[in-house]
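Trainee:
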Amino acid sequence: MSYRDEKLSEEKVFKDPVHRYVHVKDRVIWDLIAAPEFQRLRRVKQLGTTNLTFHGAEHSRFNHSLGVYEIVRRIINNFQDRPHWNENERLLCLCAALLHDLGHGPFSHSFEKVFKLDHEYFTQQIIIGDTKINEILERVSPGFSQKVADVIAKTYEDKLVVSLISSQIDADRMDYLQRDAYFTGVSYGHFDMERILRVMRPIEDQVVIKSTGMHAVEDYIMSRYQMYWQVYFHPVTRSAEVILSKILHRAKYLYETKEFTFKLKPTHFVSFFEGDVDLKDYLKLDEMIVHYYFQLWQEEDDEILCDLCERFMNRRLFKYVEFNPNLQMDDWLELYKLFQQAAIDPDYYLVVDSSSDLPYDFYRPGEEEERLPINLLMPDGSLKELSRHSDIVEAISGKKRTDHKLYFPKDRLNELKDETLKKRIKEILYAQGAKEDVE
1 MSYRDEKLSE EKVFKDPVHR YVHVKDRVIW DLIAAPEFQR LRRVKQLGTT NLTFHGAEHS
61 RFNHSLGVYE IVRRIINNFQ DRPHWNENER LLCLCAALLH DLGHGPFSHS FEKVFKLDHE
121 YFTQQIIIGD TKINEILERV SPGFSQKVAD VIAKTYEDKL VVSLISSQID ADRMDYLQRD
181 AYFTGVSYGH FDMERILRVM RPIEDQVVIK STGMHAVEDY IMSRYQMYWQ VYFHPVTRSA
241 EVILSKILHR AKYLYETKEF TFKLKPTHFV SFFEGDVDLK DYLKLDEMIV HYYFQLWQEE
301 DDEILCDLCE RFMNRRLFKY VEFNPNLQMD DWLELYKLFQ QAAIDPDYYL VVDSSSDLPY
361 DFYRPGEEEE RLPINLLMPD GSLKELSRHS DIVEAISGKK RTDHKLYFPK DRLNELKDET
421 LKKRIKEILY AQGAKEDVE
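Here it is as structure tokens:
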């Protein structure tokens with residue numbers, strides 16, 4: 001029997017709080033899970049700093065990756081013997097589902113912004129590079145690793161396979177919405193996934209939904225909308241992300257000046273600071289390592305780095321007020337100068353943070369990020385785009401919502417001795433009617 005077709009002597013299961021069980025029968029999948037590069041995902045949280053807002057959000061990319069695999073496994077089981085489904089793509093789909101988040105670094109998106117990295121690039125490099133993951137995939141067949149990388153990069157020729165992993169209703173989103181809701185303790189992310197899986201149908205280049213399942217999809221889209229604004233973009237979580245980003249910026253700046261000497265050389269960060277990150281260095285860095293350095297940097301001689309790390313490690317976060325950059329830039333410029341007068345460095349302690357989301361969009365050909373729509377399969381066999389049939393989805397289609405916050409250390413302001421300066425700063429910050437004790 002070839003390695004591709006090899007099965008375990010006994011099915012393995014992972015007990016899972018979202019899907020009850022994750023089932024593994026394929027030897028390839030079992031070996032991939034055991035690979036060091038996949039085990040590393042245990043040390044990268046799924047939601048970054050969200051655990052500082054929702055204390056239960058301690059789950060990892062490892063948990064989520066298993067969940068996405070399990071959803072795709074169930075979808076494929078439902079697709080068997082249906083027109084347009086190629087059973088030869090089964091293992092490719094399962095591998096791509098399992099490995100789709102392989103390249104996420106510590107604190108994921110915040111980390112990427114500071115060091116101008118792309119986790120999808122590193123996901124592909126882990127899959128096709130000199131790794132255990134690559135060794136396993138190449139045992140399936142020469143070039144199989146590249147096929148997996150192509151699916152994740154959305155360049156694979158079979159778009160039906162791609163749509164299972166990346167679309168507006170894919171296994172990735174269906175897992176993280178439910179998993180994140182479970183671990184944060186909120187109710188927004190729950191929807192009838194079993195119903196959606198039952199009404200999914202494969203066609204030539206994508207998955208479509210039987211029209212009878214429209215209401216389950218409406219629930220899914222509204223769940224996603226609520227999760228983004230109530231959990232993912234929570235202003236307290238964003239405060240922690242702001243501080244995290246400023247720590248990394250400050251450490252990078254100190255390293256680049258060459259005039260500052262760290263008490264312990266930040267070995268794991270050097271290639272990131274120098275902008276020359278190879279795969280080996282990337283894989284060495286996880287959130288445990290980052291926390292270790294943040295703990296050490298609380299004792300550094302640089303006052304800003306020390307303070308920011310102490311704030312992050314002990315959850316002394318910045319406060320915030322609503323801020324409209326289109327209307328209040330004059331206020332921000334004045335605040336910048338006032339913070340300088342107060343000896344509070346505005347580059348690190350006065351931060352505008354913006355979040356935006358597009359919950360659902362119909363197809364807009366030619367746009368930079370084209371989104372394939374969710375299509376309904378009508379009783380007569382025709383396809384109808386979801387928002388054309390659903391009043392609920394139509395109401396939010398193509399509508400991008402953006403939120404801006406201005407973050408600052410309220411405790412530092414309260415410590416100011418110059419009462420006139422303190423008063424003017426607070427007048428500007430709270431001019432919009434924001435409460436001083438807002439968190």
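Residues in the sequence shown are numbered from 1 upward in steps of one, following the UniProt record's numbering. Cβ atoms here follow ideal geometry from the backbone N, Cα and C, with glycine treated the same way. None of these values were measured; they are calculated from a predicted model.
1) Assuming the contact rule is C-beta atoms closer than 8 Å, Ser163 and Arg4 should be a hit. Round their C-beta distance to whole Å, please.
2) Pick helix, strand or coil for Met1, following the three-state DSSP scheme.
3) So, with DSSP's three-state summary, where would you put Glu204?
4) Look up Thr53 in the DSSP assignment and say whether it is helix, strand or coil.
5) Using a 10 Å radius around the Cβ and a threshold of 16 neighbouring Cβ atoms, would you call Arg42 buried or exposed?
6) Taking DSSP's pairing of strands, which residues face His23 in a bridge?
7) Who does Arg412 pair with in a DSSP beta bridge?
8) Glu37: buried (16+ other C-beta within 10 angstroms of its C-beta) or exposed?
9) Would you please state the rounded distance, in angstroms, between the beta carbons of Glu334 and Ile428? I believe it to be under 8 Å.
10) Taking the beta carbon of Arg179 as the centre, do at least 16 other beta carbons fall within 10 Å, making it buried, or is it exposed?
11) Would you say Ser223 and Ile374 are within 9 Å of each other, going by their C-beta atoms?
12) Write down the C-beta distance between Asp118 and Arg61 rounded to the nearest angstrom, noting that I regard them as a contact closer than 8 Å.
13) To which residues of the same chain is Phe362 closer than 7 Å at the C-beta, ignoring the five residues directly before and after it?
14) Kindly identify the DSSP beta-bridge partner or partners of Lys405.
15) Would you mind giving the Cβ-Cβ distance between Ile71 and Met174, rounded to the nearest angstrom? I have them listed as a contact below 8 Å.
16) Going by other Cβ atoms of all chains shown within 10 Å of its Cβ, with 16 needed for buried, is Val270 buried or exposed?
17) To the nearest angstrom, how far is the alpha carbon of Phe54 from that of Thr184?
18) Are there 16 or more other CB atoms within 10 angstroms of the CB of Pro365, so buried, or fewer, so exposed?
19) Where DSSP assigns a beta bridge to Ser60, which residues make up the other side?
20) If you run the structure through DSSP and keep just helix, strand and coil, what is Glu299?
21) Taking the C-alpha atoms as reference points, what is the distance between Glu58 and Val290?
22) With 16 other CB atoms within 10 Å as the buried threshold, where does His19 fall?
23) Please work out which residues of its chain come closer than 7 Å, Cβ to Cβ, to His190, disregarding the five sequence neighbours upstream and downstream, and give them in chain order.
24) Shortest alpha-carbon distance to Ile392 belongs to which of Val208, Glu218, Lys45 and Tyr156?
25) So, Ser245 versus Lys113, is the Cβ gap smaller than 9 Å?
26) Grouping DSSP H, G and I as helix and E and B as strand, with all else coil, what is Leu102?
27) From the DSSP output, which residues share a beta bridge with Lys384?
28) Using 10 angstroms around the beta-carbon of Ser382, count the other beta-carbons present and answer buried if the total reaches 16, otherwise exposed.
29) Helix, strand or coil for Lys116, going by three-state DSSP, please let me know.
30) Taking buried to mean at least 16 other C-beta atoms within 10 Å of its own C-beta, is Gln80 buried or exposed?
31) If we call anything under 9 Å between Cβ atoms a contact, is Pro266 one with Tyr282?
32) Would you kindly check if the distance between the Cβ of Leu197 and the Cβ of Asn78 is under 9 Å?
33) Using the DSSP secondary-structure output, state which residues sit across from residue 484 in a beta bridge.
34) With DSSP as the reference, identify every bridge partner of Ile209, one or two as the case may be.
35) Does the segment 294-304 come within contact of the segment 129-138, defined as at least 3 CB pairs closer than 8 Å?
36) Can you tell which of His234, Phe233 and Asp192 has the C-alpha that lies nearest to the C-alpha of His215?
Mentor: According to the structure shown:
1) In fact, because the Cβ distance is near 23 Å, the residues do not count as touching under 8 Å.
2) The three-state reading of DSSP puts Met1 in coil, since its state is none of H, G, I, E or B.
3) Correct three-state label for Glu204: coil.
4) DSSP places Thr53 in coil when its eight states are reduced to three.
5) It counts as exposed.
6) Partner(s): Val13.
7) Note: Arg412 sits in no beta bridge, so no partner.
8) Buried, because 16 or more other Cβ atoms sit within 10 Å of the Cβ of Glu37.
9) Between Glu334 and Ile428 a beta carbon distance of about 6 Å is seen, short of the 8 Å cut, so the two are scored as contacting.
10) That one is buried.
11) Their beta carbons are not under 9 Å apart, which means Ser223 does not touch Ile374 by this criterion.
12) Actually they are not in contact, since the Cβ atoms of Asp118 and Arg61 sit about 16 Å apart, beyond 8 Å.
13) Confidence at Phe362 is low in this model, with a pLDDT of 48, below 50, so the placement of that residue should be treated as unreliable; the coordinate-derived value is given next. The residues are Pro373, Glu385, Ser387, Ser397 and Gly398.
14) Within the DSSP secondary-structure output, Lys405 pairs in a beta bridge with Glu322 and Asp353.
15) The beta-carbon separation of Ile71 and Met174, rounded to 6 Å, stays under the 8 Å limit for a contact.
16) Exposed, since its Cβ has fewer than 16 Cβ neighbours within 10 Å.
17) Here the C-alpha atom of Phe54 lies approximately 5 Å from the C-alpha atom of Thr184.
18) Per-residue confidence for Pro365 stands at a pLDDT of 38, beneath the threshold of 50, marking its modelled position as unreliable; no derived number is given.
19) DSSP lists Lys45 as partners of Ser60.
20) In this structure, Glu299 counts as coil in the three-state DSSP scheme.
21) Here the alpha carbon of Glu58 sits roughly 16 Å from the alpha carbon of Val290.
22) Buried: at least 16 other Cβ atoms inside 10 Å.
23) Correct list, in chain order: Gln178, Ala181 and Ser223.
24) Selected option, being the one with the closest Cα: Glu218.
25) Contact: yes.
26) Judged by DSSP in its simplified three-state form, Leu102 adopts coil rather than helix or strand.
27) Within the DSSP bridge table, the entry for Lys384 names Leu376 as partners.
28) With fewer than 16 Cβ atoms within 10 Å of its Cβ, Ser382 is classed as exposed.
29) Taken through DSSP and simplified to helix, strand or coil, Lys116 comes out as coil.
30) Classification of Gln80: exposed, given that the 10 Å Cβ count is below 16.
31) No, Cβ-Cβ distance for Pro266 and Tyr282 is not below 9 Å.
32) Between Asn78 and Leu197, the gap from beta carbon to beta carbon is short of 9 Å.
33) This structure cannot settle anything about residue 484, because the visible part of the chain is limited to 1 through 439.
34) Its beta-bridge partners are Met200 and Leu376.
35) The segment 294-304 is not in contact with the segment 129-138.
36) Nearest of His234, Phe233 and Asp192 to His215, Cα basis: Asp192.
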